[in-house]
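Worksheet for the structure shown next.
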């Protein structure tokens, strides 16, 4: 009885409540600081581009400055390769156990590299991607500093930190928890739910407290706009064309991203990172000098608020859509640090704006419904491009105005999601994640292992069902043997001391996988009685 209580406190309450709360609180403080500094950097960037737009002699200096910033970002990426690109795909790969990183180095260089990217006006998200990745780094660091003997907790704490980072950046705590379950792990388990929820509560508490102490109440919400009118049921069909275009747009964006990645891998594989980044940064800076007031560059946050409050002419919305899509894909591919979350919302907002303007001009919709069409576009495009409809639904309720327009928004999310599911396109995050996995594991030999391991006394797995444990990537529990009886791992029943588990897994690093399994099942010689075969082909890229 006492050993059961001790195991419950040590392997459930301590990681999923106590340490998760600590991770969430630290992440909330770091994200607040990051948002505070990033806002100042973005304001400075706006002043620079505005000045250059009215003083042409300053344009060459701005472009030269962008090239120098590219050198700094390239140095950051050299020091921490996972600081490049969108933060969410990298964090998801870390939480799934597909890649590894140095947490402190990653935390520092993501923070620095993102700020320099924003100064240059790169059209990537200014909060959510880096916040999620820094939260994952905080979770990893907490484990390695405070729980060195319990590495089985690391991915749970990284999940909590990433969730807290998402919540602190978007001010959508429930969506942040769903993000951890639906996007990061694609499963719901009690331990994951407890870890994510506790971290989010702690992170949002710290963020809210710091906002009130410093007077920065604008950090307590993502977008600020007036309440929207309710869409009549007789006009609910109006969301269908927006949803269809968002589904098609998400498909085209994924194809464009894949095409650019393929060309970059084949043609620019041996090109130094600086020479990839510098032309893109210089191009963005040049565009910013002449078209900054048209929202051609920048994170897109202000563009969304502008579209909510102002009707944009259709041809300008179309130009913005294509121009920003190309720049976002190029910036992400070459390695500029930032998020993909806000750009996806921008694409949806532009599609919603375009459709709303057309339907209003045709007399099909009242002008006061225009902001709602923008919101419908954001929710639909987010769902289609990331393939997370539940997160999109919850996010739309938390951020876009409550329950008044739930039905049309949910309908648009469902339609756009069905379209991308039908065509079978890979989500934008999965494409970016494959790049990170390929970069770390390309050329490594794969080995398939079939082994039976014994559950050691006091280990992390005791009291949990096999499906509730975050096993190493590509690891499957084939059976659990209890006193001679074999039980399928998904028929229920918790793992107990001295149980024998038959595992099958594919590994690219035998020592690292063995360490993960020992952290879960207790110290033992993993490969003593294992059947190991070498697998032909490239490294796997999906869980």
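Numbering (my numbering), first residue to last: 110 to 652.
Built from N, CA and C at the ideal position, the CB exists for glycine as well.
Model, not experiment: these values are computed from the prediction.
Open item on the list: Are the CB atoms of residue 406 and residue 417 within a distance shorter than 7 angstroms?
Closed with: Using a Cβ distance threshold of 7 angstroms, residue 417 and residue 406 do not count as a contacting pair.
Open item on the list: To the nearest angstrom, how far is the alpha carbon of residue 562 from that of residue 612?
Closed with: 8 angstroms
TODO: For residue 160, collect the residues of the same chain with a Cβ closer than 8 angstroms to its Cβ; drop the 5 residues on either side in sequence, then sort them by chain order.
DONE: Excluding its 5 nearest sequence neighbours in each direction, residue 160 has C-beta neighbours in its own chain below 8 angstroms: 167, listed in chain order.
Open item on the list: Judging by CA-CA distance, which residue of 558, 142, 640 and 551 is the nearest neighbour of residue 328?
Closed with: 142
Open item on the list: Quick check: what's the CA-CA separation for residue 286 versus residue 330?
Closed with: 17 angstroms
Task: Test item: CB-CB of residue 635 and residue 556 under 7 angstroms - done: no
Task: Contact under 7 angstroms by Cβ, residue 270 with residue 245 - done: yes
TODO: Compare the beta carbon distance of residue 174 and residue 315 with 7 angstroms and say whether it is the shorter of the two.
DONE: No, Cβ-Cβ distance for residue 174 and residue 315 is not below 7 angstroms.
TODO: Specify, as a first and last residue, the run of the beta strand (DSSP E) that residue 613 falls within.
DONE: 609-616
Open item on the list: Are there any heavy atoms of the ligand GTP lying less than 6 angstroms away from the beta-carbon of residue 185, as far as the coordinates show?
Closed with: In the structure on display, the ligand GTP does not appear, and there are no ligands present to speak of.
Task: Beta-carbon gap between residue 425 and residue 454 smaller than 7 angstroms - done: no
Open item on the list: Going residue by residue through the stretch 531-609, where are the continuous beta strand (DSSP E) segments of at least 3 residues, counting only ones entirely within it?
Closed with: 555-563, 584-591 and 594-596
Task: Span of the alpha helix (DSSP H), counted from its first residue to its last, around residue 402 - done: Where residue 402 is concerned, there is no enclosing alpha helix (DSSP H), given that its DSSP letter is neither H nor E.
Open item on the list: Extract the residue ranges of the alpha helix (DSSP H) inside the stretch 454-525, only unbroken runs of 4 or more that lie entirely within it.
Closed with: As far as the stretch 454-525 is concerned, its whole alpha helix (DSSP H) runs of at least 4 residues are 479-495 and 498-508.
TODO: Return yes when the Cβ of residue 429 is within less than 7 angstroms of the Cβ of residue 449, no when it is not.
DONE: no
Task: Backbone CA spacing between residue 383 and residue 183 [nearest angstrom] - done: 5 angstroms
Open item on the list: Quick check: the stretch 500-507 against the stretch 281-298, are at least 3 beta-carbon pairs closer than 8 angstroms?
Closed with: yes
Open item on the list: Residues in the same chain with beta-carbon distance under 7 angstroms from residue 617, minus the five sequence neighbours each way, listed in chain order, please.
Closed with: For residue 617, where only same-chain residues beyond five positions count, the Cβ hits under 7 angstroms are 550, 553, 555 and 648.
- [ ] Alpha carbon to alpha carbon, how far is residue 304 from residue 149? Give it in angstroms, no decimals.
- [x] 33 angstroms
- [ ] Measure the CB-CB distance between residue 118 and residue 247 and report whether it falls below 7 angstroms.
- [x] Their beta carbons are not under 7 angstroms apart, which means residue 118 does not touch residue 247 by this criterion.
Task: Length of the line joining the Cα atoms of residue 124 and residue 574 - done: Their backbone Cα atoms lie some 17 angstroms apart in a straight line.
Open item on the list: Run through the DSSP bridge pairs and tell me what residue 369 is partnered with.
Closed with: Assignment of beta-bridge partners to residue 369 by DSSP yields no partner.
Open item on the list: Which residue marks the beginning of the beta strand (DSSP E) containing residue 159, and which one marks its end?
Closed with: Residue 159 -> not in any beta strand (DSSP E); alpha helix (DSSP H) instead, spanning 129-163.
Open item on the list: Quick check: what's the CA-CA separation for residue 120 versus residue 451?
Closed with: Put simply, the backbone Cα of residue 120 is about 37 angstroms away from that of residue 451.
- [ ] Look at residue 273 and residue 237 and say whether their C-beta atoms are less than 7 angstroms apart.
- [x] Contact: no.
Task: DSSP beta-bridge partners of residue 640 - done: DSSP lists 559 as partners of residue 640.
Task: Residues near residue 628 in its chain [Cβ-Cβ closer than 6 angstroms; skip 5 each side] - done: 260 and 261
Task: For residue 643 and residue 581, believed in contact at Cβ under 8 angstroms, the rounded distance - done: Their Cβ separation, rounded to whole angstroms, is 18 angstroms, which puts residue 581 and residue 643 out of contact at 8 angstroms.
Open item on the list: Between the alpha carbons of residue 193 and residue 345, how many angstroms are there, rounded?
Closed with: 41 angstroms
TODO: Would you give the residue range spanned by the alpha helix (DSSP H) that residue 253 belongs to?
DONE: If you look at residue 253, you'll find it in the alpha helix (DSSP H) that goes 237-255.
- [ ] Could you check what DSSP says for residue 358 in three-state terms: helix, strand or coil?
- [x] Correct three-state label for residue 358: helix.
Task: Test item: CB-CB of residue 225 and residue 401 under 7 angstroms - done: no
Task: Cβ-based neighbour list, residue 443, same chain, cut-off 7 angstroms, excluding 5 preceding and 5 following - done: Non-local C-beta neighbours of residue 443 in its own chain, meaning closer than 7 angstroms and more than five positions away in sequence, comprise 385, 386 and 389, ordered along the chain.
Open item on the list: Using the three-state DSSP reduction, which class does residue 444 fall into: helix, strand or coil?
Closed with: In the structure shown, residue 444 sits in coil (DSSP, three-state: anything other than H, G, I, E or B).
Task: Residues bridged to residue 234 [DSSP beta-bridge criterion] - done: DSSP, once it has assigned bridges, lists 448 as partnering residue 234.
Open item on the list: Applying the 10 Å Cβ sphere with the 16-neighbour rule, what's the burial state of residue 311?
Closed with: buried
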